[in-house]
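Below you'll find the structure, written out as C-alpha coordinates, and then a few comments.
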Amino acid sequence: MTLTKRMFVKLAGATALAGMIAGPAAAWEPTKPVDFVIMAGAGGGADQIARFLQSVAEKKDLTGRPLVPNNKGGGSGAEALIALKGASDPDHSILVTLNSFFTTPLRQENLGIDVQTFTPVAMMGVDPFVLWVHKDSGITNFDDWLAKVKEGGYVMGGTGKGQEDSLVITYLEQAYDLDIKYIPYKGGGAVAKDLAGQQIMASVNNPAEAKGFYASGDVVPLVAFSDERLPAFPDVPTIKELGKDFSYYNQRAVVGAPGMSDEAAAYYQDLFKTIYDTEEWQEYMTSESLSPLWMEADAQKEYWNTQVERHKELLATMGE
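Going by the working numbering, 191 is the number at position 189 of the sequence shown; the sequence numbering is gapless.
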(Lines of atoms letter the chains of each structure in order from A; the text may use other names.)
(Lines give C-alpha, C1' and ligand atoms only; values in the text may rest on other atoms or scores of the structure.)
Protein backbone atom coordinates (compact mmCIF):
# COMPACT_ATOMS: atom_id res chain seq x y z
CA MET A 3 0.00 0.00 0.00
CA THR A 4 1.51 3.30 -1.16
CA LEU A 5 0.97 6.76 0.33
CA THR A 6 1.98 8.94 -2.60
CA LYS A 7 2.38 12.67 -2.76
CA ARG A 8 -0.10 12.64 -5.63
CA MET A 9 -2.74 11.26 -3.29
CA PHE A 10 -2.01 14.00 -0.77
CA VAL A 11 -2.28 16.69 -3.43
CA LYS A 12 -5.53 15.26 -4.81
CA LEU A 13 -7.11 15.46 -1.38
CA ALA A 14 -5.88 19.00 -0.89
CA GLY A 15 -7.58 20.10 -4.11
CA ALA A 16 -7.90 23.77 -4.83
CA THR A 17 -7.09 24.73 -1.23
CA ALA A 18 -3.32 24.34 -1.74
CA LEU A 19 -1.28 27.50 -1.51
CA ALA A 20 -4.24 29.86 -1.19
CA GLY A 21 -3.70 33.61 -1.03
CA MET A 22 -2.12 35.49 1.81
CA ILE A 23 -4.12 36.22 4.96
CA ALA A 24 -3.25 39.28 6.97
CA GLY A 25 -3.43 37.49 10.32
CA PRO A 26 -5.77 35.97 12.88
CA ALA A 27 -8.89 38.13 13.03
CA ALA A 28 -11.39 35.89 14.81
CA ALA A 29 -13.31 37.40 17.72
CA TRP A 30 -11.97 34.73 20.04
CA GLU A 31 -8.36 34.97 21.26
CA PRO A 32 -6.46 32.89 23.82
CA THR A 33 -6.55 34.28 27.34
CA LYS A 34 -3.65 32.18 28.67
CA PRO A 35 -0.64 30.25 27.29
CA VAL A 36 -1.63 27.61 24.74
CA ASP A 37 -0.60 24.01 25.45
CA PHE A 38 1.20 23.10 22.21
CA VAL A 39 1.46 19.33 22.61
CA ILE A 40 3.96 17.43 20.45
CA MET A 41 3.12 13.83 19.61
CA ALA A 42 6.79 12.75 19.77
CA GLY A 43 9.97 13.10 21.79
CA ALA A 44 12.53 15.87 21.70
CA GLY A 45 14.72 16.29 18.64
CA GLY A 46 12.54 14.49 16.10
CA GLY A 47 10.82 15.96 13.08
CA ALA A 48 7.57 16.79 14.86
CA ASP A 49 9.46 18.45 17.70
CA GLN A 50 11.57 20.53 15.32
CA ILE A 51 8.52 21.64 13.38
CA ALA A 52 6.51 22.57 16.49
CA ARG A 53 9.34 24.69 17.85
CA PHE A 54 9.85 26.37 14.49
CA LEU A 55 6.16 27.19 14.23
CA GLN A 56 6.23 28.58 17.77
CA SER A 57 9.27 30.70 16.92
CA VAL A 58 7.57 32.19 13.83
CA ALA A 59 4.44 33.03 15.83
CA GLU A 60 6.60 34.72 18.47
CA LYS A 61 8.87 36.51 15.99
CA LYS A 62 5.93 38.00 14.12
CA ASP A 63 3.89 38.68 17.26
CA LEU A 64 0.96 36.68 15.92
CA THR A 65 -0.49 35.56 19.25
CA GLY A 66 -1.42 37.47 22.39
CA ARG A 67 -0.47 34.42 24.47
CA PRO A 68 2.48 32.12 23.80
CA LEU A 69 2.39 28.67 22.27
CA VAL A 70 4.18 26.47 24.83
CA PRO A 71 5.77 23.31 23.31
CA ASN A 72 5.03 20.21 25.39
CA ASN A 73 6.54 16.86 24.36
CA LYS A 74 4.28 13.86 25.02
CA GLY A 75 5.64 11.04 22.89
CA GLY A 76 5.00 8.12 25.23
CA GLY A 77 3.23 5.05 23.89
CA SER A 78 3.85 6.00 20.25
CA GLY A 79 1.95 9.24 20.82
CA ALA A 80 -0.80 7.71 22.97
CA GLU A 81 0.21 10.05 25.80
CA ALA A 82 -0.47 13.07 23.59
CA LEU A 83 -3.79 11.78 22.28
CA ILE A 84 -5.01 11.04 25.81
CA ALA A 85 -3.90 14.49 26.96
CA LEU A 86 -5.86 16.21 24.18
CA LYS A 87 -8.91 14.00 24.62
CA GLY A 88 -9.00 14.84 28.33
CA ALA A 89 -7.96 18.50 28.04
CA SER A 90 -9.63 20.57 30.74
CA ASP A 91 -9.57 23.58 28.41
CA PRO A 92 -9.97 22.43 24.79
CA ASP A 93 -9.77 26.00 23.49
CA HIS A 94 -6.18 26.27 24.75
CA SER A 95 -4.97 22.80 23.69
CA ILE A 96 -3.51 22.00 20.25
CA LEU A 97 -1.39 19.13 18.96
CA VAL A 98 1.36 18.65 16.38
CA THR A 99 0.69 15.30 14.72
CA LEU A 100 2.34 12.77 12.47
CA ASN A 101 0.97 9.53 11.05
CA SER A 102 0.82 7.95 14.50
CA PHE A 103 -2.30 10.12 14.81
CA PHE A 104 -3.84 7.31 12.72
CA THR A 105 -1.80 4.24 13.65
CA THR A 106 -1.75 4.54 17.44
CA PRO A 107 -5.57 4.52 17.87
CA LEU A 108 -5.73 1.57 15.46
CA ARG A 109 -3.05 -0.38 17.34
CA GLN A 110 -4.30 0.55 20.80
CA GLU A 111 -8.08 0.35 20.59
CA ASN A 112 -8.34 0.39 24.40
CA LEU A 113 -7.40 4.10 24.29
CA GLY A 114 -10.89 4.87 23.02
CA ILE A 115 -9.52 7.51 20.64
CA ASP A 116 -11.61 8.53 17.62
CA VAL A 117 -9.55 10.91 15.50
CA GLN A 118 -12.71 12.33 13.94
CA THR A 119 -13.55 13.94 17.30
CA PHE A 120 -10.43 16.11 17.07
CA THR A 121 -10.61 19.59 15.56
CA PRO A 122 -8.88 20.18 12.19
CA VAL A 123 -6.55 23.17 12.24
CA ALA A 124 -3.78 23.01 9.62
CA MET A 125 -1.97 20.65 7.29
CA MET A 126 1.48 22.21 7.12
CA GLY A 127 3.11 19.79 4.64
CA VAL A 128 4.19 16.19 4.16
CA ASP A 129 7.57 14.71 5.00
CA PRO A 130 9.35 11.92 3.08
CA PHE A 131 11.58 9.20 4.51
CA VAL A 132 15.16 8.31 3.61
CA LEU A 133 17.28 5.22 4.39
CA TRP A 134 20.51 6.24 6.14
CA VAL A 135 23.71 4.38 7.06
CA HIS A 136 26.90 5.45 8.83
CA LYS A 137 29.73 6.80 6.71
CA ASP A 138 32.07 4.07 7.97
CA SER A 139 29.73 1.21 7.05
CA GLY A 140 31.39 0.70 3.69
CA ILE A 141 27.94 0.83 2.09
CA THR A 142 27.57 3.28 -0.78
CA ASN A 143 24.35 2.15 -2.51
CA PHE A 144 21.14 0.23 -1.93
CA ASP A 145 22.43 -3.02 -3.43
CA ASP A 146 25.37 -2.94 -1.01
CA TRP A 147 22.91 -2.40 1.82
CA LEU A 148 20.74 -5.36 0.80
CA ALA A 149 23.79 -7.61 0.65
CA LYS A 150 24.91 -6.50 4.10
CA VAL A 151 21.48 -7.04 5.67
CA LYS A 152 21.26 -10.52 4.17
CA GLU A 153 24.45 -11.48 5.98
CA GLY A 154 22.33 -11.47 9.16
CA GLY A 155 22.45 -9.71 12.52
CA TYR A 156 21.42 -6.35 11.09
CA VAL A 157 20.16 -3.76 13.59
CA MET A 158 18.06 -0.69 12.87
CA GLY A 159 16.43 1.88 15.14
CA GLY A 160 13.14 3.73 14.93
CA THR A 161 10.44 5.43 16.93
CA GLY A 162 8.48 2.27 17.80
CA LYS A 163 6.52 -0.59 16.29
CA GLY A 164 3.61 0.71 14.27
CA GLN A 165 5.28 4.08 13.88
CA GLU A 166 5.98 5.52 10.46
CA ASP A 167 9.58 4.35 10.12
CA SER A 168 8.69 0.83 11.26
CA LEU A 169 6.09 0.62 8.49
CA VAL A 170 8.78 1.45 5.94
CA ILE A 171 11.24 -1.01 7.49
CA THR A 172 8.59 -3.73 7.49
CA TYR A 173 7.95 -3.00 3.83
CA LEU A 174 11.67 -3.47 3.10
CA GLU A 175 11.71 -6.76 5.02
CA GLN A 176 8.76 -8.12 3.11
CA ALA A 177 9.71 -6.77 -0.33
CA TYR A 178 13.29 -8.04 -0.17
CA ASP A 179 12.97 -11.03 2.21
CA LEU A 180 15.05 -9.43 4.96
CA ASP A 181 15.30 -10.04 8.71
CA ILE A 182 16.09 -6.85 10.65
CA LYS A 183 16.29 -6.37 14.41
CA TYR A 184 14.36 -3.23 15.32
CA ILE A 185 15.18 -1.13 18.40
CA PRO A 186 12.52 1.40 19.49
CA TYR A 187 13.43 4.94 20.58
CA LYS A 188 11.42 7.82 22.02
CA GLY A 189 11.95 10.06 19.01
CA GLY A 190 13.57 10.45 15.62
CA GLY A 191 16.26 12.72 17.04
CA ALA A 192 17.51 9.96 19.32
CA VAL A 193 17.50 7.52 16.39
CA ALA A 194 19.61 9.85 14.25
CA LYS A 195 22.03 10.44 17.13
CA ASP A 196 22.56 6.75 17.74
CA LEU A 197 23.15 6.07 14.06
CA ALA A 198 25.81 8.78 14.05
CA GLY A 199 27.30 7.12 17.14
CA GLN A 200 27.11 3.68 15.47
CA GLN A 201 24.84 2.24 18.14
CA ILE A 202 22.61 1.05 15.30
CA MET A 203 23.46 0.17 11.71
CA ALA A 204 20.81 2.10 9.77
CA SER A 205 17.70 4.21 10.15
CA VAL A 206 14.71 5.47 8.21
CA ASN A 207 14.69 9.10 9.30
CA ASN A 208 13.02 12.16 7.83
CA PRO A 209 15.58 14.48 6.18
CA ALA A 210 15.22 17.10 8.93
CA GLU A 211 16.03 14.57 11.65
CA ALA A 212 19.29 13.47 10.00
CA LYS A 213 20.21 16.84 8.48
CA GLY A 214 22.85 17.83 11.05
CA PHE A 215 24.60 14.47 10.95
CA TYR A 216 24.48 14.48 7.15
CA ALA A 217 26.02 17.96 7.07
CA SER A 218 28.83 16.78 9.37
CA GLY A 219 29.44 13.77 7.16
CA ASP A 220 28.49 11.15 9.76
CA VAL A 221 25.61 9.57 7.82
CA VAL A 222 24.96 8.73 4.17
CA PRO A 223 21.57 8.62 2.39
CA LEU A 224 20.96 5.56 0.21
CA VAL A 225 17.38 5.71 -1.05
CA ALA A 226 14.34 7.98 -0.69
CA PHE A 227 10.79 6.69 -0.19
CA SER A 228 9.29 9.58 -2.14
CA ASP A 229 7.58 9.90 -5.51
CA GLU A 230 10.44 11.91 -7.01
CA ARG A 231 14.05 12.55 -6.06
CA LEU A 232 14.40 15.07 -3.26
CA PRO A 233 15.97 18.40 -4.30
CA ALA A 234 18.26 18.31 -1.24
CA PHE A 235 19.58 14.87 -2.32
CA PRO A 236 19.56 14.91 -6.13
CA ASP A 237 21.93 11.92 -6.39
CA VAL A 238 19.85 9.68 -4.12
CA PRO A 239 17.45 7.42 -6.07
CA THR A 240 13.89 6.70 -5.02
CA ILE A 241 12.79 3.16 -4.23
CA LYS A 242 10.50 3.49 -7.26
CA GLU A 243 13.53 4.01 -9.50
CA LEU A 244 14.92 0.77 -8.08
CA GLY A 245 11.86 -1.16 -9.16
CA LYS A 246 9.40 -1.03 -6.25
CA ASP A 247 6.11 0.87 -6.51
CA PHE A 248 6.20 2.29 -2.99
CA SER A 249 6.35 5.68 -1.34
CA TYR A 250 5.45 6.90 2.10
CA TYR A 251 5.01 10.40 3.55
CA ASN A 252 4.51 11.64 7.11
CA GLN A 253 1.85 14.27 7.71
CA ARG A 254 2.98 17.44 9.47
CA ALA A 255 -0.25 18.84 10.84
CA VAL A 256 -1.77 20.74 13.74
CA VAL A 257 -5.07 19.63 15.27
CA GLY A 258 -7.17 20.93 18.13
CA ALA A 259 -8.59 19.10 21.11
CA PRO A 260 -12.00 17.42 20.91
CA GLY A 261 -14.64 19.86 22.08
CA MET A 262 -12.81 22.97 20.90
CA SER A 263 -15.25 25.81 20.20
CA ASP A 264 -15.86 26.94 16.63
CA GLU A 265 -14.50 30.38 17.52
CA ALA A 266 -11.23 28.97 18.86
CA ALA A 267 -10.91 26.65 15.87
CA ALA A 268 -11.30 29.60 13.50
CA TYR A 269 -8.62 31.50 15.42
CA TYR A 270 -6.06 28.67 15.16
CA GLN A 271 -6.93 27.96 11.53
CA ASP A 272 -6.26 31.60 10.65
CA LEU A 273 -3.11 31.66 12.78
CA PHE A 274 -1.52 28.65 11.13
CA LYS A 275 -2.59 29.72 7.65
CA THR A 276 -0.78 32.97 8.35
CA ILE A 277 2.31 31.03 9.47
CA TYR A 278 2.05 28.71 6.46
CA ASP A 279 2.17 31.68 4.09
CA THR A 280 5.19 33.32 5.74
CA GLU A 281 8.51 33.41 3.96
CA GLU A 282 10.00 31.66 7.00
CA TRP A 283 7.77 28.58 6.70
CA GLN A 284 8.08 28.39 2.92
CA GLU A 285 11.87 28.48 3.26
CA TYR A 286 11.75 25.93 6.07
CA MET A 287 9.84 23.47 3.90
CA THR A 288 12.45 23.84 1.17
CA SER A 289 15.44 23.48 3.49
CA GLU A 290 13.96 20.47 5.32
CA SER A 291 12.66 18.68 2.18
CA LEU A 292 8.98 18.97 3.13
CA SER A 293 6.43 19.00 0.31
CA PRO A 294 4.03 21.98 0.54
CA LEU A 295 0.44 21.03 1.20
CA TRP A 296 -2.34 23.16 2.65
CA MET A 297 -5.78 21.79 3.47
CA GLU A 298 -8.87 23.52 4.76
CA ALA A 299 -10.79 21.94 7.64
CA ASP A 300 -13.26 19.93 5.54
CA ALA A 301 -10.48 18.50 3.37
CA GLN A 302 -8.57 17.46 6.49
CA LYS A 303 -11.55 15.49 7.79
CA GLU A 304 -11.81 13.65 4.46
CA TYR A 305 -8.07 13.06 4.54
CA TRP A 306 -8.27 11.57 8.06
CA ASN A 307 -10.86 9.05 6.91
CA THR A 308 -8.70 8.05 3.96
CA GLN A 309 -5.58 7.70 6.08
CA VAL A 310 -7.28 5.56 8.71
CA GLU A 311 -8.30 3.09 6.01
CA ARG A 312 -4.89 3.11 4.34
CA HIS A 313 -3.10 2.56 7.64
CA LYS A 314 -5.40 -0.32 8.51
CA GLU A 315 -4.08 -1.98 5.38
CA LEU A 316 -0.46 -1.10 6.15
CA LEU A 317 -0.74 -2.41 9.71
CA ALA A 318 -2.38 -5.58 8.44
CA THR A 319 0.73 -6.27 6.37
CA MET A 320 2.69 -6.15 9.65
CA GLY A 321 0.35 -8.70 11.21
CA GLU A 322 -1.43 -6.18 13.42
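By construction, the Cβ of each residue, glycine as well, lies at the ideal position given by its N, Cα and C atoms.
CA nearest to the CA of Glu-153, picked from Val-170, Phe-131, Lys-163, Lys-183: Indexing the sequence shown from 1 puts residue 153 at position 151. With distances taken between Cα atoms, Glu-153 lies closest to Lys-183.
Could you tell me how far apart the beta carbons of Ala-42 and Gly-79 are, in whole angstroms, since I believe they sit closer than 8 angstroms? Locating residue 42 in the sequence shown gives position 40, counting from the first residue. Locating residue 79 in the sequence shown gives position 77, counting from the first residue. Contact flag correct, Cβ pair sits at about 7 angstroms.
Which residue comes first and which comes last in the alpha helix (DSSP H) that contains Val-170? In the sequence shown, residue 170 corresponds to position 168, counting from 1. Its alpha helix (DSSP H) spans residues 166-178.
Who are the near neighbours of Ala-204 in its chain, counting only those whose CB is closer than 6 angstroms to its CB and skipping five residues on each side? Position 202 of the sequence shown, counted from the start, is the residue given in the question as residue 204. For Ala-204, where only same-chain residues beyond five positions count, the Cβ hits under 6 angstroms are Val-135, Met-158.
Coarse secondary structure for Ala-234, derived from DSSP in three states: Taking the sequence shown and counting its residues from 1, one reaches residue 234 at position 232. In this structure, DSSP gives Ala-234 a state outside helix and strand, which the three-state scheme calls coil.
By DSSP, does Lys-163 sit in helix, in strand, or in coil? Start at 1 with the first residue of the sequence shown, and residue 163 comes out as number 161. Per DSSP, reduced to three states, the secondary structure at Lys-163 is coil, with no helix or strand assignment.
If I follow the unbroken beta strand (DSSP E) through Ala-42, where does it start and stop? Taking the sequence shown and counting its residues from 1, one reaches residue 42 at position 40. Counting along the chain, Ala-42 falls outside any beta strand (DSSP E), and DSSP gives it neither H nor E.
What residues in its chain sit with their C-beta under 7 angstroms from that of Lys-34, if we drop five residues either side in the sequence? As a working note, residue 34 is residue 32 in the sequence shown. Same-chain partners within the cutoff: Arg-67, His-94.
With Lys-195 as the anchor, note down where its alpha helix (DSSP H) starts and where it stops. In the sequence shown, residue 195 corresponds to position 193, counting from 1. Segment 190-198, the alpha helix (DSSP H) holding Lys-195.
Exposed or buried, which one is Lys-74 when buried takes at least 16 other CB atoms within 10 Å? Indexing the sequence shown from 1 puts residue 74 at position 72. Around the beta-carbon of Lys-74, 16 or more other beta-carbon atoms lie within 10 Å, marking it buried.
Given that a residue counts as buried once 16 or more other Cβ atoms are within 10 Å of its Cβ, and exposed if not, what is Ile-96? Locating residue 96 in the sequence shown gives position 94, counting from the first residue. Flag for Ile-96 reads buried.
Taking the continuous alpha helix (DSSP H) assigned at Val-310, which residues delimit it? Translated into the one-based positions of the sequence shown, residue 310 becomes position 308. Run containing Val-310: 299-319, per the alpha helix (DSSP H) assignment.
Of the listed residues Val-225, Leu-100, Asp-229, nearest to Val-238 (C-alpha basis): As a first step, residue 238 must be located in the sequence shown, where it is residue number 236. Considering only Val-225, Leu-100, Asp-229, the residue with the shortest C-alpha distance to Val-238 is Val-225.
Let's test the definition: count the other Cβ atoms within 10 Å of the Cβ of Gly-155 and tell me whether it reaches 16, buried, or not, exposed. Numbered from its first residue, the sequence shown carries residue 155 at position 153. Result: exposed.
I'd like to know if Asp-63 contacts chain B, where contact means its C-beta is closer than 8 angstroms to some C-beta of that chain. In the structure shown, chain B does not exist; there is a single protein chain.
Between the Cα of Gly-1 and the Cα atoms of Ala-210, Gly-258, Gln-118, Ala-198, which residue gives the shortest distance? The chain is shown only over 3 to 322; residue 1 falls outside these bounds and no answer can be derived.
Let me make sure I understand the geometry here. Which of Trp-283, Tyr-251, Val-123, Met-320 has the alpha-carbon closest to that of Lys-62? Counting from one through the sequence shown, the residue named residue 62 turns up at place 60. The candidate whose alpha carbon is nearest that of Lys-62 is Trp-283.
Output the distance between the C-alpha atoms of Ser-168 and Pro-186, rounded to the nearest integer angstrom. As a position in the sequence shown, residue 168 is number 166, starting the count at 1. As a position in the sequence shown, residue 186 is number 184, starting the count at 1. In a straight line, the C-alpha of Ser-168 is about 9 angstroms away from that of Pro-186.
Can you give me the C-alpha to C-alpha distance between Thr-280 and Thr-172, rounded to a whole angstrom? On the sequence shown, position 278 is the one that residue 280 refers to. On the sequence shown, position 170 is the one that residue 172 refers to. Straight-line Cα distance between these residues: approximately 37 angstroms.
Grab me the residues of Ile-40's own chain with a C-beta within less than 8 angstroms of its C-beta, minus the 5 sequence neighbours each way, in chain order. Residue mapping note: residue 40 aligns to position 38 of the sequence shown, counting from 1. Contacts found: Ala-48, Asp-49, Ala-52, Pro-71, Asn-72, Asn-73, Lys-74, Gly-75, Ala-82, Leu-97, Val-98.
Pull up the CB-CB distance for Val-257 and Phe-274, whole angstroms please, since I reckon it's below 8 angstroms. In the sequence shown, the residue the question calls residue 257 occupies position 255. In the sequence shown, the residue the question calls residue 274 occupies position 272. That pair is no contact at about 10 angstroms.
3 or more residues per run - each beta strand (DSSP E) lying fully within the segment 36-95: 36-40, 69-73
Going by the C-beta, is Ala-192 closer than 7 angstroms to any heavy atom of the ligand SAH? Summarising the ligand content, the structure contains no ligands, and the ligand SAH is consequently not present.
Where the beta strand (DSSP E) through Asp-129 begins and ends: Numbered from its first residue, the sequence shown carries residue 129 at position 127. Asp-129 -> beta strand (DSSP E) spans 121-130.
Which stretch, first to last residue, makes up the beta strand (DSSP E) that contains Ile-185? Position 183 of the sequence shown holds residue 185. Annotation: the continuous beta strand (DSSP E) that includes Ile-185 extends over 182-186.
State the CB to CB distance for the pair Asn-307 and Leu-100, rounded to an integer number of angstroms; the pair is presumed to be in contact (CB under 8 angstroms). The count along the sequence shown starts at 1 and reaches residue 307 at position 305. The count along the sequence shown starts at 1 and reaches residue 100 at position 98. With a contact defined as Cβ atoms closer than 8 angstroms, Asn-307 and Leu-100 miss out at about 18 angstroms.
Alpha carbon to alpha carbon, what distance is there between Ser-139 and His-313? Taking the sequence shown and counting its residues from 1, the one referred to as residue 313 is at position 311. Taking the sequence shown and counting its residues from 1, the one referred to as residue 139 is at position 137. In a straight line, the C-alpha of His-313 is about 33 angstroms away from that of Ser-139.
Burial state of Ala-259, where buried means 16 or more other Cβ atoms lie within 10 Å: The sequence position of residue 259 within the sequence shown is 257, counting from 1. Answer is buried; the Cβ neighbour count reaches 16.
With Tyr-251 as the anchor, note down where its beta strand (DSSP E) starts and where it stops. Within the sequence shown, numbered from 1, the residue matching residue 251 stands at position 249. 251-258 is the span of the beta strand (DSSP E), which, as asked, contains Tyr-251.
Whose C-alpha, out of Leu-180, Gly-164, Glu-111, Ile-202, is nearest the C-alpha of Asp-145? The sequence position of residue 145 within the sequence shown is 143, counting from 1. For the residues Leu-180, Gly-164, Glu-111, Ile-202, the minimum Cα distance to Asp-145 belongs to Leu-180.
Looking at the unbroken alpha helix (DSSP H) that takes in Ala-268, where does it start and where does it end? For the purposes of this step, residue 268 is taken as residue 266 along the sequence shown, with counting starting at 1. Residues 264-278.
Are the Cβ atoms of Phe-336 and Tyr-250 separated by less than 8 angstroms? Nothing in the structure corresponds to residue 336, since the chain is present only between 3 and 322.
Distance between Thr-106 and Glu-243 (C-alpha atoms, nearest Å): Position 241 of the sequence shown, counted from the first residue, corresponds to residue 243. Position 104 of the sequence shown, counted from the first residue, corresponds to residue 106. Note on geometry: alpha-carbon atoms of Glu-243 and Thr-106 lie some 31 angstroms from one another.
Between which two residues does the alpha helix (DSSP H) harbouring Pro-107 extend? On the sequence shown, residue 107 is found 105 positions in, with the first residue counted as 1. Residues 102-109.
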